[in-house]
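As given, the protein sequences belong to chains Z and H, one line each in that order. Going by our numbering, the first residue of the first sequence is number 1, and it counts up by one from there. Going by our numbering, the first residue of the second sequence is number 1001, and it counts up by one from there.
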Amino acid sequence: GNSVTQMEGPVTLSEEAFLTINCTYTATGYPSLFWYVQYPGEGLQLLLKATKADDKGSNKGFEATYRKETTSFHLEKGSVQVSDSAVYFCALSDRWQLTFGSGTQLTVLP
Amino acid sequence: EAGVAQSPRYKIIEKRQSVAFWCNPISGHATLYWYQQILGQGPKLLIQFQNNGVVDDSQLPKDRFSAERLKGVDSTLKIQPAKLEDSAVYLCASSLAPQETQYFGPGTRLLVL
Chain Z
1 GNSVTQMEGP
11 VTLSEEAFLT
21 INCTYTATGY
31 PSLFWYVQYP
41 GEGLQLLLKA
51 TKADDKGSNK
61 GFEATYRKET
71 TSFHLEKGSV
81 QVSDSAVYFC
91 ALSDRWQLTF
101 GSGTQLTVLP
Chain H
1001 EAGVAQSPRY
1011 KIIEKRQSVA
1021 FWCNPISGHA
1031 TLYWYQQILG
1041 QGPKLLIQFQ
1051 NNGVVDDSQL
1061 PKDRFSAERL
1071 KGVDSTLKIQ
1081 PAKLEDSAVY
1091 LCASSLAPQE
1101 TQYFGPGTRL
1111 LVL
């Protein structure tokens, strides 16, 4: 079956630090890949997505590249802000169902 | 464009009681999903509707959980009777079609005592 493995948290960074959150997946077929973000007290919001190999998704300074050869979709940001503090979920979609990772809590300190 | 609406936002009940959650998807979205998110875990799909029909309910504990989507718009998820392990956030999501991007509501946080 499909599965997503995320880097365990929590992750604590200082403002303007570089962020990487690792995500690897197992899937049959050719899934689409997503990063969702969940701010405190809110629902999940789509951050970025990639639908095929070598695609790069980007939004709000975050980037992730669909790497089929390593089955990875690592999330990166060059300079994090306090407002980026949230839980980040990697997910894949095979046909029509989303499978989520367990989430990574990010805290950015001023 | 209005997002996915859910109510209530919080609910506290005792075990063996019943509870119901309501979801109003984004207008025009044919596909509706209910997820259960236990603390520290990613959301897990409970049931998926396409219009008013069930597409997948393989992970729904049917002995205690039920869901309906009358008229293919709003949806209700019910738990009867609740158990302690049902304490979680229940998320509703909708999409234009099954393979389109899913948009999530704020969730209902349930605590079973």
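Heads up, the beta-carbon is just placed ideally off N, CA and C, and yes, glycines get one too. None of the values given here were measured: they were computed from a predicted structure.
Check: Rounded C-alpha distance that separates Z/THR71 from Z/THR104; Outcome: 18 Å
Check: Exposure of H/LEU1039, with buried meaning 16 or more beta-carbon neighbours within 10 Å; Outcome: exposed
Check: Exposed unless 16 or more other CB atoms sit within 10 angstroms - verdict on Z/ASP54; Outcome: exposed
Check: Z/VAL87 classed as buried or exposed, judged by whether at least 16 other C-beta atoms fall within 10 angstroms; Outcome: buried
Check: Contact residues within the stretch 1076–1106 of chain H, judged by C-beta distance below 7 Å to chain Z; Outcome: LEU1091, PRO1098, GLN1099, THR1101, GLN1102, PHE1104, GLY1105, PRO1106
Check: Limits of the unbroken beta strand (DSSP E) element including H/SER1007; Outcome: 1005–1007
Check: Residues of the stretch 1027–1047 of chain H with Cβ closer than 9 Å to any Cβ of chain Z, in chain order; Outcome: THR1031, TYR1033, TYR1035, GLN1037, GLY1040, GLN1041, GLY1042, PRO1043, LYS1044, LEU1045
Check: Distance between H/TYR1033 and H/GLN1080 (C-alpha atoms, nearest Å); Outcome: 20 Å
Check: Whole-angstrom distance between H/LEU1091 and H/THR1108, CA atom to CA atom; Outcome: 7 Å
Check: Closer than 7 Å to chain H by CB, Z/LEU174; Outcome: Outside the displayed span of chain Z (1 to 110) sits residue 174 of chain Z, for which this structure offers no information.
Check: For Z/LEU106 and Z/ASP84, the rounded distance between their alpha carbons; Outcome: 8 Å
Check: Contact set for H/HIS1029: own chain, Cβ-Cβ below 7 Å, skip 5 residues either direction; Outcome: SER1094, SER1095, LEU1096
Check: C-beta neighbour in chain H for Z/SER112, strict 7 Å; Outcome: Outside the modelled stretch of chain Z, which goes from 1 to 110, sits residue 112 of chain Z, for which no answer is possible.
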